[in-house]
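Protein chains in written order, with my numbering: chain A, 1 to 431; chain B, 1001 to 1431.
All C-beta atoms in this analysis are idealised placements derived from N, C-alpha and C, irrespective of residue type, glycine included.
Predicted model only: the values in this text are computed from it and were never measured.
One structure below.
If you want it as structure tokens, here you go:
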């Protein structure tokens, strides 16, 4: 039944039926949470054997001869560089391996740019009306970080193969106050899409008005496919080099969703000039990263292949959860015309799109019935989605049964709110 | 033989003898390094059993019920807070437990202050002629950090029980552009002295012109006594509270020189207002600290008492090294009148003071003979010691025999350079 093509009576009847279903589904009281991209307990168990890699009998000598238990070095040990370079499909000499949070690397770079500029440019704190491009829907922590640093956030629509590059190009090439753009190029948060070669090449070929414009390429899910091989993503660093823009990009990754969130290792990959700029402030900011943790990860996985192999175990947990969510949505909403959603092939999220002006009410209604989703708007700058239609769905943490229940509640709430919306707007067929 | 009271002939003869001794001592070629406060391999072995605390069979549930393997929390787990609070002699609710580097906490706070101010004050980057007080001799990485952020570094002499508080008070209470002071209050780097109760109380009672003036209390060696119990140091946080200045201080500590340098845990302790200010930016800067490492440390040591007990093993390695260095100095220089030195009761360093204008030449001569000391001047702002007489001695990393050799070379080079200095200046007794 297509809700957009019904009589008022039919809609009212359908709404009553949906409310009854919802009451029944939730009669025992629910407390479900699909709001965060958090690995499940089962996924944490996958990496437990890594903890046996190092113990009191181990040697802690890295390939370069240094004792990882002691002070020394700010850019990480060679074996960790090589492994994470392989994971990002770049060369080890582009890589600096950091601590437990790639978000910290991003924050440190922007904080550095605010105070000292990038590679000697004018400090961003002195740039009036500084702006950052934010592909939407996107990752809230990216957006809030630059909001914290006083940037104006400019939304750019995500298309099926990446951000709207015509718009990105027009903005970046004409406005010197635009200093950066956030990208999650593979299994994007929250759409799950993968940037096409064409999009990557267009990024690499940008000729920004600002010499210190940077692409923040957060390749957080580079090896997080659900099935088969990982999707191909063109190497942005190589592409930027080829296009004569070697310094335009920082690529980030971490093992947060490979081993243990919060206790992994992270990396940034970029040009020599950018690496020198980063080391130039890191030498003041740290005594160096945790090399023992780097060594543990490197010895356990050995190389990128080891990581990709390990990720198949995560995929075996994750894929069925997404499939279950999609099945419920297809069954319950397939022919209603009131919602559509992306089909992620990897990562941690998919994007759920409602009728305009309904997302906030749907999330709020779900919460009343005991199911928590990411707040509507979180995927947009300032937490405001002007069309109020995007909801990020994060099925990773919940169990299979919980997902089925939660997405069922979502579908019913979507139906109810959509009917109300259609009735309010008068867009129904007069009998 | 007092060098300051000799005939020219006697001095020339002595110099010749010293050169001969030096040539003999170094005839096999030396390559020794007493430049860095780096634990020795033997000290790293002390903590190896900690690595067996957690393995694939462990549970990772912190006292507050959270799974340390997953995301959650930015201020650390309760058991780590309690342990490090105990170590710093403060209360757990003053403490935020961070990552592997207390230097990073300091850098993040100052970086935050530069961009956003402290607790809402005017951003320090907008404060013209901003200044930081630097007790000298002191820790070079403190000084270079604020130099990096564009502060003018104001030296304040270290006395026997802490910085010259008359000078500190006069400066701080009359100049709004003075935003902070560095302190290593216990077993200070490099003098090894401990701040007296009187000094701590005077710090707490300061009434700075700048409301956002902060004491950076780097209690890096709070449990690093060589013999017996740790020296008493008055709790600065309690003292500031009592004096009605609860927000004036940040105290820092880490386990870098307790377990593994670079792979330890760190903490900052301060008032509620300061903690809220720190959490206010950390929520943008990180997904949280490495809780698994916190849990490992907390389970291994249990509490502050466990740490203090563990530190006796470090003391057993460290104390003889200092004693050996002192013995050589006393034997070779005791009656010469050309150098004196501090007697550290804990920490990683002692301070060696030469005749004025000799330190650079002594360090340089030692290096020619294969012995590396911290560059003269490193203990002072901008790496320049105006009287050129301070050398930081770091005996931790070298072995006993190496220390004896290295300090022997230091003593001989001191003699030779001092004789040259006396001859140059004409301050010798005419026969």
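Open item on the list: Please tell me whether residue 1189(B) has its Cβ less than 7 Å away from any Cβ of chain A.
Closed with: For this step, residue 1189(B) is matched to residue 189 along the second chain. No, its Cβ sits nowhere closer than 7 Å to a Cβ of chain A.
TODO: Evaluate contact between the stretch 1039-1047 of chain B and the stretch 1313-1322 of chain B, counting only Cβ atoms and requiring at least three cross-stretch pairs below 8 Å.
DONE: yes
Open item on the list: Using a 10 Å radius around the Cβ and a threshold of 16 neighbouring Cβ atoms, would you call residue 1056(B) buried or exposed?
Closed with: For the purposes of this step, residue 1056(B) is taken as the residue at position 56 of the second chain. Per the 10 Å Cβ criterion, exposed.
Task: Interface positions of the stretch 1245-1264 of chain B facing chain A (Cβ-Cβ less than 8 Å), listed along the chain - done: 1256, 1260, 1261, 1262, 1263
Open item on the list: Just verifying my parser: in three-state terms, what is the DSSP assignment at residue 54(A)?
Closed with: The count along the first chain starts at 1 and reaches residue 54(A) at position 54. Correct three-state label for residue 54(A): coil.
Task: Rounded C-alpha distance that separates residue 174(A) from residue 1253(B) - done: By 1-based counting over the first chain, the position of residue 174(A) is 174. By 1-based counting over the second chain, the position of residue 1253(B) is 253. One C-alpha to the other measures close to 48 Å.
Task: Contact set for residue 1164(B): own chain, Cβ-Cβ below 7 Å, skip 5 residues either direction - done: Residue mapping note: residue 1164(B) aligns to position 164 of the second chain, counting from 1. So the qualifying residues of the chain are 1156, 1157.
- [ ] Could you give the DSSP three-state label for residue 1268(B): helix, strand or coil?
- [x] Numbered from its first residue, the second chain carries residue 1268(B) at position 268. Of the three classes helix, strand and coil, the one that applies to residue 1268(B) here is strand, per DSSP.
Open item on the list: Quick check on residue 285(A) - is its C-beta less than 7 Å from some C-beta in chain B?
Closed with: On the first chain, residue 285(A) is found 285 positions in, with the first residue counted as 1. It does; some Cβ of chain B falls within 7 Å.
Open item on the list: Using 8 Å as the cut-off, can you tell me whether the stretch 1348-1359 of chain B makes contact with the stretch 1380-1389 of chain B, which would need three or more C-beta pairs spanning the two stretches below that distance?
Closed with: yes
Open item on the list: Looking at the strands, I want to know which residues DSSP matches up with residue 4(A).
Closed with: Residue mapping note: residue 4(A) aligns to position 4 of the first chain, counting from 1. None, per the DSSP bridge assignment.
Task: Residue range of the alpha helix (DSSP H) that includes residue 1078(B) - done: Walking along the second chain from the start, residue 1078(B) turns up at place 78. That run of the alpha helix (DSSP H) goes 1078-1088.
TODO: Establish whether the CB of residue 122(A) and some CB of chain B are separated by less than 7 Å.
DONE: As a first step, residue 122(A) is located in the first chain; it is residue number 122 there, counting from the start. Closer than 7 Å: no.
Task: Member of 426(A), 427(A), 418(A), 195(A) whose CA lies at the smallest distance from the CA of residue 16(A) - done: Locating residue 16(A) in the first chain gives position 16, where the first residue counts as 1. Answer by Cα proximity: 418(A).
Open item on the list: Quick check: what's the CA-CA separation for residue 1368(B) versus residue 1414(B)?
Closed with: The sequence position of residue 1368(B) within the second chain is 368, counting from 1. The sequence position of residue 1414(B) within the second chain is 414, counting from 1. The straight-line gap from Cα to Cα measures roughly 13 Å.
Open item on the list: To the nearest angstrom, how far is the alpha carbon of residue 1335(B) from that of residue 1001(B)?
Closed with: Numbered from 1 along the second chain, position 335 holds the residue referred to as residue 1335(B). Numbered from 1 along the second chain, position 1 holds the residue referred to as residue 1001(B). So the two alpha carbons sit approximately 6 Å from each other.
- [ ] Look at residue 1262(B) and residue 291(A) and say whether their C-beta atoms are less than 7 Å apart.
- [x] On the second chain, position 262 is the one that residue 1262(B) refers to. On the first chain, position 291 is the one that residue 291(A) refers to. Against a cut-off of 7 Å, the Cβ pair of residue 291(A) and residue 1262(B) comes out as a contact.
TODO: Return yes when the Cβ of residue 1329(B) is within less than 7 Å of the Cβ of residue 1018(B), no when it is not.
DONE: In the second chain, counting from the first residue as 1, residue 1018(B) sits at position 18. In the second chain, counting from the first residue as 1, residue 1329(B) sits at position 329. Cβ distance not < 7 Å, so residue 1018(B) and residue 1329(B) don't count as in contact.
Task: Residue range of the beta strand (DSSP E) that includes residue 1254(B) - done: Walking along the second chain from the start, residue 1254(B) turns up at place 254. Where residue 1254(B) is concerned, the enclosing beta strand (DSSP E) stretches over 1249-1254.
TODO: Out of 1345(B), 1429(B), 1352(B), 1322(B), point me to the one whose CA is closest to residue 1395(B)'s CA.
DONE: As a position in the second chain, residue 1395(B) is number 395, starting the count at 1. Looking at the Cα atoms, 1322(B) is the closest of the given residues.
Open item on the list: With a threshold of 7 Å between beta carbons, is residue 1229(B) in contact with chain A?
Closed with: If you number the second chain from 1, residue 1229(B) lands on position 229. Not one chain A Cβ lies under 7 Å of residue 1229(B).
- [ ] Please confirm whether residue 370(A) and residue 30(A) have their CB atoms less than 7 Å apart.
- [x] As a position in the first chain, residue 370(A) is number 370, starting the count at 1. As a position in the first chain, residue 30(A) is number 30, starting the count at 1. Yes. Within cutoff.
Task: Whole-number beta carbon distance between residue 228(A) and residue 350(A), since they are thought to touch under 8 Å - done: Residue numbering aside, residue 350(A) sits at position 350 when the first chain is read from its first letter. Residue numbering aside, residue 228(A) sits at position 228 when the first chain is read from its first letter. Not a contact, Cβ separation roughly 18 Å.
- [ ] Can you pull the chain B residues whose beta carbon is under 9 Å from the beta carbon of residue 519(A), in chain order?
- [x] Only positions 1 to 431 of chain A appear in the structure, and residue 519(A) is not among them; the question remains open.
Open item on the list: I'd like to know whether the C-beta of residue 1177(B) is nearer than 7 Å to at least one C-beta of chain A.
Closed with: Taking the second chain and counting its residues from 1, one reaches residue 1177(B) at position 177. No, no contact with chain A.
Task: Range of the contiguous beta strand (DSSP E) that encloses residue 1313(B) - done: The residue you call residue 1313(B) lines up with position 313 of the second chain. Not the beta strand (DSSP E): residue 1313(B) falls in the alpha helix (DSSP H), residues 1304-1333.
TODO: Answer with buried or exposed for residue 1020(B), where buried requires no fewer than 16 other C-beta atoms within 10 angstroms of its C-beta.
DONE: Position 20 of the second chain, counting from 1, holds the residue named residue 1020(B). Classification of residue 1020(B): exposed, given that the 10 Å Cβ count is below 16.
- [ ] For residue 1087(B), collect the residues of the same chain with a Cβ closer than 7 Å to its Cβ; drop the 5 residues on either side in sequence, then sort them by chain order.
- [x] One-based indexing of the second chain puts residue 1087(B) at position 87. Excluding residues within five positions, the ones whose Cβ falls inside 7 Å are 1222, 1223, 1253, 1304, 1307.
Task: For residue 1162(B), the residue or residues it bridges with in DSSP - done: If you number the second chain from 1, residue 1162(B) lands on position 162. Answer by DSSP bridge pairing, in chain order: 1159(B).
Task: As assigned by DSSP and simplified to three states, the class of residue 176(A) - done: Translated into positions along the first chain, residue 176(A) becomes position 176. It is coil, neither helix nor strand.
Open item on the list: To the nearest angstrom, how far is the alpha carbon of residue 341(A) from that of residue 373(A)?
Closed with: Here residue 341(A) corresponds to residue number 341 of the first chain, with the count starting at 1. Here residue 373(A) corresponds to residue number 373 of the first chain, with the count starting at 1. Straight-line Cα distance between these residues: approximately 15 Å.
TODO: Could you run through the stretch 1066-1085 of chain B and flag, in chain order, every residue whose CB is less than 9 Å away from some CB of chain A?
DONE: 1067, 1068, 1069, 1070, 1071, 1072, 1073
- [ ] Return yes when the C-beta of residue 366(A) is under 6 Å from any heavy atom of the ligand FAD, and no when it is not.
- [x] With respect to the ligand FAD, the structure offers nothing, as it holds no ligand at all.
TODO: Report yes if the CB atom of residue 381(A) is closer than 7 Å to the CB atom of residue 183(A), and no otherwise.
DONE: One-based indexing of the first chain puts residue 381(A) at position 381. One-based indexing of the first chain puts residue 183(A) at position 183. No, Cβ-Cβ distance for residue 381(A) and residue 183(A) is not below 7 Å.
- [ ] Pick out whichever of 1347(B), 1354(B), 1313(B), 1255(B) has its Cα sitting closest to the Cα of residue 69(A).
- [x] Counted from its first residue, the first chain places residue 69(A) at position 69. Residue 69(A) has its Cα closest to that of 1255(B), out of 1347(B), 1354(B), 1313(B), 1255(B).
Open item on the list: Just to confirm, is the Cβ distance from residue 294(A) to residue 76(A) under 7 Å?
Closed with: Here residue 294(A) refers to the residue found at position 294 when the first chain is read from its first residue. Here residue 76(A) refers to the residue found at position 76 when the first chain is read from its first residue. A contact, by the Cβ cut-off of 7 Å.
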